[in-house]
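To start, the structure under review is shown below, and the notes come after it.
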Amino acid sequence: MSEQKGKSPRKTQQEQLDELLDEMNQLNTDVKNLKKNLHEIHRKVLPDLDRLGLDDLFQQLIGAVGFVFPLLFTEEIWKLAESISIQRAFFLIGLTILLGYVFVGRSRLGNMAEQNLVGIPLRLITVLFIAYGATLIIIYVYGLQAYYQLTPATYFKSIAVFGTFSVIGAIAVDMLG
0 MSEQKGKSPR KTQQEQLDEL LDEMNQLNTD VKNLKKNLHE IHRKVLPDLD
50 RLGLDDLFQQ LIGAVGFVFP LLFTEEIWKL AESISIQRAF FLIGLTILLG
100 YVFVGRSRLG NMAEQNLVGI PLRLITVLFI AYGATLIIIY VYGLQAYYQL
150 TPATYFKSIA VFGTFSVIGA IAVDMLG
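Going letter by letter, the sequence shown gives residues 0 to 176 in numbering that gives the first Met the number 0.
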């Protein structure tokens, strides 16, 4: 049991485990630093996406009202709304929803996060609700249904026509803001 000359003494198991533990701690520190650097690079390269918030809802409301308000006091557009058929009004609403979907759901304008509710872009839902709702409320508040003596069918057709402009305004201001 004599040791040979020139050879270093053999490390004990405990010493080997301690070395492995030190190396693993160093690796953990290196991984943490890499993660930190990766997050910093990600933050610089890809800025945070804009999630739908209260400010976006106000922008949509301003756009909807801003676009539709002047048109609500234009006789020619009321005559147009009165002259279209109910089927055309439904088609117009469908077309407006489709165009809204294309702009909000498929365009990559702005820095908007993709948020869906049952597979439908949340921004589209809020735009439609705000735009058509604002149109309905403005017509009611200003008494335009009484002034133009709107029947329920003509009221619906008016909402279809004016809602189109309102939706376009809401989307435009939301995407630009």
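Where is the CB? At the ideal position from N, CA and C, for every residue including glycine.
Residues bridged to residue i [DSSP beta-bridge criterion]
i: L116; result: I119
Environment of residue i [buried if 16+ CB atoms lie within 10 Å]
i: Q12; result: exposed
i: Y131; result: buried
i: L149; result: buried
i: L20; result: exposed
i: S1; result: Caution is warranted here: a pLDDT of 49 is assigned to S1, below 50, making its placement in the model unreliable, and no coordinate value can be reported.
i: R193; result: This structure cannot speak to residue 193, because the chain is shown only from 0 to 176.
i: Q59; result: buried
i: F90; result: exposed
i: F72; result: exposed
i: L175; result: exposed
i: V117; result: exposed
i: G62; result: buried
i: D17; result: exposed
i: K156; result: buried
Enclosing alpha helix (DSSP H) for residue i [first to last residue]
i: I167; result: 151–175
i: Y146; result: 143–146
i: K78; result: 74–82
i: G65; result: 53–67
i: L98; result: 85–100
Contact check, residue i vs residue j, beta carbons under 7 angstroms
i: G65; j: G168; result: yes
i: V67; j: F128; result: no
i: I92; j: A159; result: yes
Exercise. Is the number of C-beta pairs between the segment 23–31 and the segment 132–146 that are closer than 8 angstroms three or more?
Worked result: no
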